[in-house]
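S.K.:
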Amino acid sequence: AGEYGRLSGSNRTDGEDKWSVPVPFTGSYSPYTMARDVVWRSGSVLIIKTYRSLSAVSLLDQKTLWHRSESSSYSTSSNLQQNFTDFHRLQTMLPSARNRSQYIVVGTGDTWIAIQKGRRLEMLDLATGYVLWTIDIPTNKNLVVAAENIVLLTAEGDADPLCLNRLTGEPIEVKDAMELAVRTITNVGDTLVKWTRPPEGKGDRKITWLRPLSGEVEREVTLKGLTAFHFVDDRTLAGFSKTGEAGVVDLVTGSITRFRFASEAETSADPPKAATKPAAQPDPNQPPKPQLVAQTSSKALWDPARVELALDSVNFYVGNRPNSLPTALRYSGLPLVPIQHQMRAVSRATGKRVWSVDSEKASVAAFNLQTGGLLVVIDHTPVEKQTNAIQGTFRGYNRVTGEKLFAQNLLCPNGLRYASVQTPRPNTLDISVYGQQVRVTSDVAD
Numbered sequence: 097a098g099e100y101g102r103l104s105g106s107n108r109t110d111g112e113d114k115w116s117v118p119v120p121f122t123g124s125y126s127p128y129t130m131a132r133d134v135v136w137r138s139g140s141v142l143i144i145k146t147y148r149s150l151s152a153v154s155l156l157d158q159k160t161l162w163h164r165s166e167s168s169s170y171s172t173s174s175n176l177q178q179n180f181t182d183f184h185r186l187q188t189m190l191p192s193a194r195n196r197s198q199y200i201v202v203g204t205g206d207t208w209i210a211i212q213k214g215r216r217l218e219m220l221d222l223a224t225g226y227v228l229w230t231i232d233i234p235t236n237k238n239l240v241v242a243a244e245n246i247v248l249l250t251a252e253g254d255a256d257p258l259c260l261n262r263l264t265g266e267p268i269e270v271k272d273a274m275e276l277a278v279r280t281i282t283n284v285g286d287t288l289v290k291w292t293r294p295p296e297g298k299g300d301r302k303i304t305w306l307r308p309l310s311g312e313v314e315r316e317v318t319l320k321g322l323t324a325f326h327f328v329d330d331r332t333l334a335g336f337s338k339t340g341e342a343g344v345v346d347l348v349t350g351s352i353t354r355f356r357f358a359s360e361a362e363t364s365a366d367p368p369k370a371a372t373k374p375a376a377q378p379d380p381n382q383p384p385k386p387q388l389v390a391q392t393s394s395k396a397l398w399d400p401a402r403v404e405l406a407l408d409s410v411n412f413y414v415g416n417r418p419n420s421l422p423t424a425l426r427y428s429g430l431p432l433v434p435i436q437h438q439m440r441a442v443s444r445a446t447g448k449r450v451w452s453v454d455s456e457k458a459s460v461a462a463f464n465l466q467t468g469g470l471l472v473v474i475d476h477t478p479v480e481k482q483t484n485a486i487q488g489t490f491r492g493y494n495r496v497t498g499e500k501l502f503a504q505n506l507l508c509p510n511g512l513r514y515a516s517v518q519t520p521r522p523n524t525l526d527i528s529v530y531g532q533q534v535r536v537t538s539d540v541a542d
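Written as structure tokens, this is what we have:
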């Protein structure tokens with residue numbers, strides 16, 4: 097409330113809050129924007145990044161270690177989630193970097209964090225926020241990557257990359273620095289997690305954990321048969337094959353989990369065609385109007401280019417992302433995954449499909465911590481003669497069993513722009529939409 101938000105820690109089994117601390121918060125923005133808050137862990141510290149601030153909270157004693165904020169109007173550009181075939185650091189961002197913010201975190205460790213603010217690079221002590229060293233980024237460098245012992249500043253095609261000692265900021269020599277910077281996904285301690293392309297584009301992609309100073313390869317994972325990819329979160333890469341298989345890679349440990357989400361026949365089926373209305377008879381007293389062609393999806397359902405994956409501790413959830421760019425933009429600021437046709441749950445323990453949710457209408461699924469053990473699917477239908485208004489149906493499902501617990505219709509005058517869903521207790525959903533608040537429980541009849 098006011099100038100503070102709260103960071104809470106909950107028990108994963110029962111959802112009960114174990115601790116809660118106030119965190120300084122600057123700025124107020126609609127969830128319709130890309131200005132989202134991001135929380136991630138580095139060692140025993142949680143880092144909270146908002147549009148204009150950066151904070152660190154200790155997991156050991158739940159105290160705010162430091163906080164900094166900026167008042168300038170500079171911010172990094174936002175980036176839409178789209179599946180990619182090859183990783184390039186300038187074109188594909190990790191989820192924590194995809195939101196609009198004043199800060200770019202270019203590397204973290206157990207005791208340090210490297211941040212880019214405009215054309216300035218700062219190396220901070222993670223426990224205190226103290227600036228260890230700082231430099232101005234040369235104007236011909238637009239890529240910054242940091243690991244435990246190095247910092248790379250370069251650009252694509254750069255013949256003279258700048259390589260620094262991470263501890264001191266002094267120049268050092270690093271082999272293939274430009275290629276490393278362009279293909280590095282993240283760092284894990286003193287290793288760079290690097291995307292490796294097949295020679296001449298033929299063969300399977302690989303993820304390589306490389307020590308940049310020695311060139312030693314710590315481990316390598318082959319993404320066999322996977323052709324399209326996206327990041328689920330900063331430590332998880334999901335890849336999909338043309339035959340209905342998925343591979344989920346833990347970028348920290350190097351483990352990969354493979355499972356089937358669709359049959360080969362499903363991935364090559366004809367794309368669904370949009371419904372069309374009968375053509376109205378022309379008015380002879382009016383000039384002819386241009387004919388509009390019904391839009392259809394350019395990719396089949398379960399095509400790897402449009403598959404999207406979310407996960408929790410129980411299941412993987414796989415669905416089809418609509419190809420419409422306006423649809424993707426509509427939910428860019430909310431923790432919602434657009435889906436078409438069906439969402440399928442696959443057990444993380446067995447790799448078998450356990451249940452699915454059909455969706456004939458345009459829908460989104462909520463995969464945020466605030467929904468607890470519920471999977472919330474929101475169907476939305478435009479309301480005639482009301483700009484931006486939709487009729488929303490909020491459906492709640494048990495994530496373990498797939499049982500439908502309730503369905504609640506709610507008029508959303510401004511679409512999902514001001515919508516939020518939270519679970520204060522098991523099988524209970526609080527829906528807030530533009531001044532309306534409804535509590536739905538599993539006792540409510542469909």
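Residue numbers in the sequence shown follow the working numbering, run continuously in steps of one, and reach 542 at the last position.
All C-beta atoms in this analysis are idealised placements derived from N, C-alpha and C, irrespective of residue type, glycine included.
Just so you know, these numbers come straight off a predicted model, no measurement behind them.
Under 8 Å Cβ to Cβ from residue 225, same chain only, skipping five residues before and after it: list those, please.
M.R.: Your numbering for residue 225 matches position 129 in the sequence shown. Same-chain partners within the cutoff: 152, 161, 162, 163, 164.
S.K.: May I ask which residues mark the beginning and end of the beta strand (DSSP E) holding residue 341?
M.R.: Residue mapping note: residue 341 aligns to position 245 of the sequence shown, counting from 1. Per DSSP, residue 341 belongs to the beta strand (DSSP E) from 341-346.
S.K.: Closer than 6 Å by C-beta to residue 492: which residues in its own chain qualify, once you throw out the five before and the five after it? Chain order, please.
M.R.: Taking the first residue of the sequence shown as 1, we reach residue 492 at position 396. Listed in chain order, the non-local C-beta contacts of residue 492 below 6 Å within the same chain comprise 470, 472, 501, 502, 525, local neighbours out to five positions each way being set aside.
S.K.: Can you look up residue 274 in the DSSP assignment and give me helix, strand or coil?
M.R.: Counting from one through the sequence shown, the residue named residue 274 turns up at place 178. If DSSP states are grouped into helix, strand and coil, residue 274 belongs with the helices.
S.K.: Can you say whether residue 398 is buried or exposed, counting buried as having 16 or more other CB atoms within 10 angstroms of its CB?
M.R.: Residue 398 sits at position 302 when you count from the first residue of the sequence shown. Counting Cβ neighbours within 10 Å, residue 398 comes out buried, since at least 16 surround it.
S.K.: Would you kindly report the start and end of the unbroken beta strand (DSSP E) that includes residue 280?
M.R.: Position 184 of the sequence shown, counted from the start, is the residue given in the question as residue 280. Taken as a continuous stretch (DSSP letters only), the beta strand (DSSP E) holding residue 280 covers 280-284.
S.K.: Cα-Cα, which of 400, 166, 511, 142 is closest to residue 475?
M.R.: Here residue 475 is taken as the residue at index 379 of the sequence shown, counted from 1. With distances taken between Cα atoms, residue 475 lies closest to 511.
S.K.: Spatial neighbours of residue 352 within its chain, please: C-beta separation below 6 Å, excluding the five flanking residues on both sides.
M.R.: Your numbering for residue 352 matches position 256 in the sequence shown. Answer for residue 352: 317, 343, 345, listed in chain order.
S.K.: So what's residue 535 in DSSP terms, helix, strand or just coil?
M.R.: Looking up residue 535 in the sequence shown gives position 439. Reduced to three states, the DSSP call for residue 535 is strand.
S.K.: Ordered along the chain, which non-local residues of its own chain (more than five positions away) have a Cβ less than 6 Å from that of residue 404?
M.R.: Counting from 1 along the sequence shown, the entry for residue 404 is found at position 308. 415, 417, 433.
S.K.: Please determine if the segment 250-270 and the segment 222-237 are in contact, where contact requires at least 3 C-beta pairs separated by less than 8 Å.
M.R.: yes
S.K.: Would you mind working out which of 198, 401, 313 sits nearest residue 334, comparing C-alpha positions?
M.R.: Locating residue 334 in the sequence shown gives position 238, where the first residue counts as 1. Looking at the Cα atoms, 401 is the closest of the given residues.
S.K.: Assuming residue 210 contacts residue 203 (C-beta within less than 8 Å), just tell me the rounded distance between them.
M.R.: By 1-based counting over the sequence shown, the position of residue 210 is 114. By 1-based counting over the sequence shown, the position of residue 203 is 107. Right, their Cβ atoms sit about 4 Å apart.
S.K.: Suppose the cutoff is 7 Å on Cβ atoms and the five residues either side in sequence are ignored; what does the same chain contact list for residue 251 look like?
M.R.: Residue mapping note: residue 251 aligns to position 155 of the sequence shown, counting from 1. Sequence-distant partners of residue 251 (beyond 5 residues in either direction) whose C-beta falls short of 7 Å from its own C-beta, in its chain, are 236, 237, 238, 239.
S.K.: If you drop the 5 nearest sequence neighbours on each side, which residues of the same chain put their C-beta closer than 7 Å to that of residue 183?
M.R.: Walking along the sequence shown from the start, residue 183 turns up at place 87. These residues qualify, in order along the chain: 279, 281, 291.
S.K.: Of all the options 439, 145, 150, 137, which has the alpha carbon lying nearest to the alpha carbon of residue 156?
M.R.: To locate residue 156, count along the sequence shown from 1; it is residue 60. Checked all of 439, 145, 150, 137; the closest Cα to residue 156 is 137.
S.K.: Any idea what DSSP makes of residue 363, helix, strand or coil?
M.R.: Residue mapping note: residue 363 aligns to position 267 of the sequence shown, counting from 1. If DSSP states are grouped into helix, strand and coil, residue 363 belongs with the helices.
S.K.: The beta strand (DSSP E) that contains residue 165, what's its start and end?
M.R.: For the purposes of this step, residue 165 is identified with residue 69 of the sequence shown, where counting begins at 1. 160-165 is the extent of the beta strand (DSSP E) around residue 165.
S.K.: Measuring only the C-alpha atoms, how far is residue 531 from residue 518?
M.R.: In the sequence shown, counting from the first residue as 1, residue 531 sits at position 435. In the sequence shown, counting from the first residue as 1, residue 518 sits at position 422. So the two alpha carbons sit approximately 15 Å from each other.
S.K.: State the DSSP-derived secondary structure class of residue 409, mapped to helix, strand or coil.
M.R.: For this step, residue 409 is matched to residue 313 along the sequence shown. Correct three-state label for residue 409: coil.
S.K.: How many angstroms separate the CA atom of residue 297 from the CA atom of residue 272?
M.R.: The residue labelled residue 297 in the question sits at position 201 within the sequence shown. The residue labelled residue 272 in the question sits at position 176 within the sequence shown. Taking the straight line from one Cα to the other gives about 20 Å.
S.K.: Around the C-beta of residue 198, are 16 or more other C-beta atoms found within 10 angstroms, so that it is buried, or is it exposed?
M.R.: The residue labelled residue 198 in the question sits at position 102 within the sequence shown. The residue is buried, with at least 16 neighbouring Cβ atoms inside 10 Å.
S.K.: Below 8 Å on the Cβ atoms is my guess for residue 444 versus residue 411; work out the distance and round it to an integer in Å.
M.R.: Stepping through the sequence shown from its first residue, residue 444 is reached at position 348. Stepping through the sequence shown from its first residue, residue 411 is reached at position 315. The C-beta separation of residue 444 from residue 411 comes to about 6 Å, placing the pair in contact by the 8 Å criterion.
S.K.: How is residue 421 classed by DSSP in three states: helix, strand or coil?
M.R.: For this step, residue 421 is matched to residue 325 along the sequence shown. Model confidence at residue 421 stands at a pLDDT of 41, short of 50, so the residue's coordinates are unreliable; what they give is reported in the following sentence. It is helical.
S.K.: For residue 115, count the other beta carbons within 10 Å of its own beta carbon; 16 or more makes it buried, fewer makes it exposed. Which is it?
M.R.: Along the sequence shown, read from residue 1 onward, the residue named residue 115 stands at position 19. The residue in question, residue 115, is exposed, as its Cβ has fewer than 16 Cβ neighbours within 10 Å.
S.K.: Alpha carbons only, please: which of 442, 483, 241 is nearest the one belonging to residue 287?
M.R.: The residue you call residue 287 lines up with position 191 of the sequence shown. Closest by alpha carbon: 241.
S.K.: Excluding the 5 residues preceding and the 5 following residue 520 in the sequence, name in chain order all residues of the same chain whose CB lies nearer than 7 Å to its CB.
M.R.: Taking the sequence shown and counting its residues from 1, the one referred to as residue 520 is at position 424. Excluding the 5 residues flanking it on each side, residue 520 has same chain C-beta neighbours closer than 7 Å at 526, in chain order.
S.K.: How big is the Cα-Cα spacing for residue 190 and residue 104?
M.R.: Along the sequence shown, read from residue 1 onward, the residue named residue 190 stands at position 94. Along the sequence shown, read from residue 1 onward, the residue named residue 104 stands at position 8. In a straight line, the C-alpha of residue 190 is about 24 Å away from that of residue 104.
S.K.: Here's the rule: buried if 16 or more other CB atoms are within 10 angstroms of the residue's CB, otherwise exposed. What is residue 483?
M.R.: For the purposes of this step, residue 483 is identified with residue 387 of the sequence shown, where counting begins at 1. Exposed: under 16 other Cβ atoms inside 10 Å.
S.K.: Just the Cα atoms here: how many angstroms apart are residue 283 and residue 201?
M.R.: Locating residue 283 in the sequence shown gives position 187, counting from the first residue. Locating residue 201 in the sequence shown gives position 105, counting from the first residue. The alpha-carbon atoms of residue 283 and residue 201 are separated by roughly 11 Å.
S.K.: Considering Cα atoms alone, identify which of 187, 477, 447, 293 is closest to residue 323.
M.R.: In the sequence shown, the residue the question calls residue 323 occupies position 227. Closest by alpha carbon: 293.
S.K.: Could you tell me the boundaries of the beta strand (DSSP E) in which residue 480 lies?
M.R.: If you number the sequence shown from 1, residue 480 lands on position 384. Unbroken run through residue 480: none, as it is neither H nor E.
S.K.: Mind checking residue 409: buried by the 16 CB within 10 Å criterion, or exposed?
M.R.: Position 313 of the sequence shown, counted from the first residue, corresponds to residue 409. So residue 409 ends up on the exposed side.
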